[in-house]
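Protein chains: 2
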Amino acid sequence: MTVRALYHYDEIGLLSASERTPAGHRRYTERDLRRLYRVRALRALGLSLEEIAGVLDGAADDPESMRDLLAEQLRRLDEHAELIGVLRQRIRGLLRQAGDSSGLDPDRLMTTLELMSVFETYFTEEQRERLAERRDALGGEGVEAAKGAWAGLVEEGLRLVETGVPAEDERARDLVRRWDALAGGFHPEGPEGERTRAAARRMWQDNSEEIGRSLPWPAERMAALVTYLERARQAG
Amino acid sequence: MTVRALYHYDEIGLLSASERTPAGHRRYTERDLRRLYRVRALRALGLSLEEIAGVLDGAADDPESMRDLLAEQLRRLDEHAELIGVLRQRIRGLLRQAGDSSGLDPDRLMTTLELMSVFETYFTEEQRERLAERRDALGGEGVEAAKGAWAGLVEEGLRLVETGVPAEDERARDLVRRWDALAGGFHPEGPEGERTRAAARRMWQDNSEEIGRSLPWPAERMAALVTYLERARQAG
DNA sequence: GGTTGAACCCTACGCGGCGGGAGGTCGTAG
DNA sequence: CTACGACCTCCCGCCGCGTAGGGTTCAACC
């Protein structure tokens, strides 16, 4: 604990010494000290200074506020922990990819990174939520078939992009539909639809690994494809 | 992704459009875009912009830097996750205390908070490490005895403080020794020493609950005692 | 040609929680 | 009297942008 923090608490009105010496030096009374202990303890639990001020000044009026704040903080910590878990998964996937096949391949790692970014912006928030919901309901047998489906679809799409088929073409619309299905969108029911959705779930689940392995196309071509699909989608 | 972020990347030299129109508008080339994808992906993994700049500009020279950075980031995330786990434990303990005994008692909660702060500063880093090491080697039978030991010791210490015994007194030195033993310091061997150390470990383990239950003394008196012990310790 | 609205530009201030430094005053000991 | 530390106020800095303000440019329409 440094004096600078005390000055700061004074500045924002959270805790100021209730007395001063004639020379202007701060004199913290016993009550100030008790308040300081509370502030420090709540800070150590991760609360913001504003929240601390709120609960310390309003605790007399509303004895539940303290518990509410702690519960809220617990919720935030849970959320935060989950996010960290996801990040750890992704990084571990990347490190596995970097470590296994004949030493590390920075270009491939970079391509994976670019694809992560492209896919992150391509999938809508809603789609990702749906994928997360049903994530666990999936076995591992459809994965190879899924890779094949993705690969075929992307190859076909890239051919369309390069031969310059306009986005209003019927083949483009069909491609969009199948792409959406793989991406977890609204596909007609039936076994094939389920298989493709499952593939998309699995693929998103640990996306870095799967995207890196199963989609070895240059990122700029992928970006072009995504742009093309977006235009085709808007064209109906 | 907003334009403001792009301006920012430009400002700090992380990513700038390599062309401009005659009117001054930024023109991002395909290569710029690929670099942007990489930046975004690495940001999403939690790396700082400075680190990203380092690895993107030095990746050609040193192909291992990328992997090192990811490994480093994984380590940091692990650390962070552990810290969050500790905080969650503490808050859960506080909420349990607030919820069980006949509704919540904000004063008691506050007292617990103050004590947490006092103890946090009182225990040295070394002591806490030692406690963490042997934390799991403890059963649950010594807890009640431990509470009694703490209670008796603190009562005795508070009496000494209030009757004004000087810190150089032999009784004060004895108190410091026993206090240190409870706090995980160096106590003479034997069954009693082990029991007191075990009590200290258990007490620190979920400190909020135990401190709140077993030490129902006002925080300012505890603070006075801690100060007194500190002086006695320094007096040898 | 004029006008309009969207898109782009630059500049500057703001956040949270202090760290760190400059430059001055106060307290105490030799 | 001097020295040294502790304390004071004021101000700039960090990170990763968000937000606001005021000025240009672009494409389209009248």
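So the sequences go chain by chain: A and B.
For the first sequence, the working numbering assigns the number 989 to the initial residue and increments by one for each residue that follows.
For the second sequence, the working numbering assigns the number 989 to the initial residue and increments by one for each residue that follows.
Where is the CB? At the ideal position from N, CA and C, for every residue including glycine.
As the structure is a computational prediction, the values presented were derived from the model and not from experiment.
Check	Outcome
Can you tell which of A/1015, A/1067, A/1074, A/1164 has its C-alpha closest to the C-alpha of residue 1141 of chain A?	A/1164
So which residues of chain B does residue 1077 of chain A contact, with C-beta pairs closer than 7 Å?	Simply none; closest approach about 10 Å.
In this structure, does DSSP put residue 1007 of chain B in helix, strand or coil?	strand
Just the chain B side, please: which residues come within less than 8 Å of residue 1034 of chain A by C-beta, in chain order?	1075
Got a sec: which bits of the stretch 1002-1016 of chain B sit with their beta carbon under 7 Å from any beta carbon on chain A, in order along the chain?	none
Applying a beta-carbon distance threshold of less than 7 Å, which residues of chain A neighbour residue 1068 of chain B?	1072
Could you tell me whether the Cβ atoms of residue 1058 of chain A and residue 1083 of chain B are closer together than 9 Å?	yes
For residue 1077 of chain B versus residue 1079 of chain A, is the C-beta distance shorter than 9 Å?	no
With a threshold of 9 Å between beta carbons, is residue 1166 of chain A in contact with chain B?	no
Quick check on this structure: which residue in B/1145, B/1156, B/1152 has the alpha carbon closest to the alpha carbon of residue 971 of chain B?	Here chain B comprises residues numbered 989 to 1224, so residue 971 of chain B is not present and cannot be evaluated.
If the criterion is Cβ atoms closer than 9 Å, does the pair residue 1075 of chain B and residue 1002 of chain A meet it?	no
Note down the Cα distance separating residue 1070 of chain A from residue 1041 of chain A, rounded to an integer number of angstroms.	28 Å
When we look at the beta-carbon of residue 1019 of chain A and count the other beta-carbons within 10 Å, is it buried (16 or more) or exposed?	exposed
If you draw a straight line from the alpha carbon of residue 1016 of chain B to that of residue 1009 of chain B, how long is it in whole angstroms?	10 Å
By Cβ distance below 6 Å, which residues in the same chain neighbour residue 1174 of chain A in space, the five residues on each side in sequence not counted?	Reliability of the predicted coordinates at residue 1174 of chain A is poor, the pLDDT of 35 falling under 50, and the value obtained from them is presented with this limitation in mind. Correct list: empty, nothing qualifies.
Just by C-beta distance, which residues in the stretch 1042-1061 of chain B are closer than 8 Å to chain A?	1047, 1051, 1052, 1054, 1055, 1058, 1059, 1061
I need the straight-line Cα distance from residue 1216 of chain B to residue 1155 of chain B, nearest angstrom please.	7 Å
Below 8 Å on the Cβ atoms is my contact criterion, and I expect residue 1153 of chain B with residue 1159 of chain B to pass it. Report the Cβ-Cβ distance as a whole number of Å.	6 Å
So, does the CB of residue 1080 of chain A fall closer than 9 Å to a CB anywhere in chain B?	yes
Compare the C-beta of residue 1039 of chain B with all C-beta atoms of chain A and state if any pair is closer than 9 Å.	no
On a CA-only basis, which of A/1026, A/1036, A/994, A/1148 is nearest residue 1013 of chain A? Give me that one, please.	A/994
Whose CA, out of B/997, B/1011, B/1052, lies closest to the CA of residue 1025 of chain B?	B/997
For residue 1043 of chain A and residue 1031 of chain A, what's the separation of their Cα atoms in angstroms?	12 Å
Can you give me, in chain order, the residues of the stretch 1146-1162 of chain B that have a beta carbon less than 8 Å from any beta carbon in chain A?	none
For a quick check, are the C-beta atoms of residue 1046 of chain B and residue 1053 of chain B less than 9 Å apart?	yes
How about residue 1000 of chain A and residue 1068 of chain B: do their beta carbons lie closer than 9 Å?	no
I want to see whether chain B comes within less than 9 Å of residue 1083 of chain A, judged by CB atoms only; does it?	yes
Could one say the Cβ of residue 994 of chain B lies closer than 9 Å to chain A's Cβ atoms, at least one of them?	no
Exposed or buried, residue 1011 of chain B, counting other C-beta atoms within 10 Å across all chains shown (16 or more means buried)?	exposed
Anything in chain A within Cβ reach of residue 1065 of chain B, meaning under 8 Å, just list it in chain order.	1072, 1075, 1076, 1079
Quick one: give me the first and last residue of the alpha helix (DSSP H) that residue 1042 of chain A is part of.	1037-1046
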